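Heads up, the thing below is written out as structure tokens.
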Amino acid sequence: MNNKFRNNPELKPLLQKIKNVIATLDGKALPLKFMEVCGTHTVSILKFGFRHYFKDSIKFLSGPGCPVCVTSAHDVDKIIYLAQQGNHLVTFGDLIKVPGTHSSLEREIAKGATVDVVYSPLDTIKIASNTKKEVIFIAIGFETTIPVIAGLVLDAYAQQINNVSILCLVKTMPNVLRFLLSQLKGEIDGMIMPGHVSVIIGSEPYEFVPQEYGIPCAIAGFEPVDLGLGIQTLVAQISSRDPKVDNRYTRMVRSEGNRAAQELISAVFQECDVSWRGFGSIPRSGLCLNEEFSFFDAEKRFRIKVKDEVVQSACICGDIIAGRKSPLDCTLFRKNCTPENPIGPCMVSFEGACAAYYKYGE
């Protein structure tokens, strides 16, 4: 399937058609400002040359769709605290280098902390079954990974594995978009919605964007023709002055989403207010364990107490994921801040805008 979408001979004519329509837009200042919410879309836009191709007509803005990037320094400090107490941490690889206020997991590992990197949260069960230590899964991610994290909790509950807990830092997409748009009124002309998240939640949760803010939306996949189709519908909606949510990723996304995954999430989690890097606390923009499974809540089990410190830094990652600035605006980019020596999380994660610009940008 990927070859079909990557090597589609209709792609170049499609992109030219988009340019032609943009040239006919009446009274619309160029460049158009399109936000790609998902970090993987940022990578694709740079990797496949969309930013360069549309450099005079479309400005692409990164959004808050990179899980590692939106994890606050205060939450990273909680992770560091748990590592320093002699617990056995389990995490995704992207978190290892993310700096907190004073340390990172990479530094704590060098000091002797026990940290396992896994691809699936479910691997935590096997790890916990082979140690007497407290095993804590660091749960970050959006709706894409939350069902698997729910599965981990249900498995630990069913098997009565009592030395497992999770530090729940998961976040959800709709309310951060609402918050973002309230801050960027009139500054965004269109939004490319995340493909993977949309597989789970569907297209319906985005309807408020065109209805309340008049902003065109496209749900798109990650191959060049996917992005081309997404950009085409945004430009067409601007031309017709008819904003809506147009699903151009129909081979994967249904309007209602994945009901089974949604039910799994609802069985284990409940909405809560959470802190985001670049935004602060946003009401009902994350999930925490519900009362039935609160036994597995690491924050309650270990009574984590970490000071909320503010450290002065030239890093502008918070502004980048909020669409206010570009990695190219950062004085640290490519100088002090590189993938080998990241100052902020946007350079750590492969989905981070800074890492993508470093690898594929001009």
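Residue numbering for the sequence shown follows the numbering used here, starting at 1 and increasing by one per position. Don't be surprised by glycine CBs; every beta carbon is placed ideally from N, CA and C. Note that the structure is a prediction, hence the values are computed from the model and not measured.
Note the first and the last residue of the continuous beta strand (DSSP E) segment covering residue 159. Per DSSP, residue 159 belongs to no beta strand (DSSP E) and is neither H nor E.
Got a sec, what are the start and stop residues for the alpha helix (DSSP H) residue 182 sits in? 173 to 183
Assuming contact is defined by CB atoms lying nearer than 8 Å, are residue 212 and residue 255 in contact in what I supplied? no
Taking residue 112 as the reference, which of 214, 85, 97 and 119 has the closest Cα? 85
Contained alpha helix (DSSP H) runs [length at least 4] in the stretch 45 to 87, N- to C-terminal order: 50 to 53 and 73 to 84
Are the stretch 23 to 43 and the stretch 329 to 341 in contact at 8 Å, needing three or more beta carbon pairs? no
Which residues in the same chain as residue 13 place their Cβ atom closer than 7 Å to its Cβ, once the five residues preceding and following it in sequence are excluded? none
Cβ atoms of residue 219 and residue 147: under 8 Å apart, would you say? no
Buried or exposed by the 16-neighbour rule on C-beta atoms within 10 Å, applied to residue 322: buried
Since residue 88 contacts residue 118 with CB under 8 Å, what's their CB separation in whole angstroms? No, residue 88 and residue 118 are not in contact; Cβ-Cβ is about 12 Å, not under 8 Å.
Based on the DSSP secondary-structure assignment, which residues constitute the bridge partners of residue 36? 62 and 192
From residue 248 to residue 229, what does the alpha carbon distance come to, in whole angstroms? 7 Å
Should residue 198 go down as buried or exposed, given a rule of 16 or more other Cβ atoms within 10 Å for buried? buried
Determine, using beta carbons only, whether residue 257 and residue 274 come nearer to each other than 8 Å. no
Length at least 4, wholly inside the stretch 258 to 295: the alpha helix (DSSP H) runs in chain order: 259 to 268
Measure the C-alpha to C-alpha separation of residue 56 and residue 28 and round it to an integer number of angstroms. 13 Å
Return the first residue and the last residue of the alpha helix (DSSP H) that residue 18 is part of. 11 to 24
Nearest-angstrom Cα separation, counted from residue 177 out to residue 235: 20 Å
In this structure, does DSSP put residue 208 in helix, strand or coil? helix
Once the 5 residues before and after residue 121 are set aside, which same chain residues still bring their CB inside 6 Å of it? 137, 148, 149 and 152
Quick one: what's got a C-beta closer than 6 Å to residue 278's C-beta in the same chain, skipping five residues either side? 318, 321 and 322
Range covered by the alpha helix (DSSP H) that runs through residue 233: 224 to 240
By DSSP, does residue 30 sit in helix, in strand, or in coil? coil
Pairing CB atoms from the stretch 169 to 184 with CB atoms from the stretch 338 to 357, are three or more of them under 8 Å? no
Can you check which of these residues, 290, 103 and 345, is closest to residue 83 by C-alpha distance? 103
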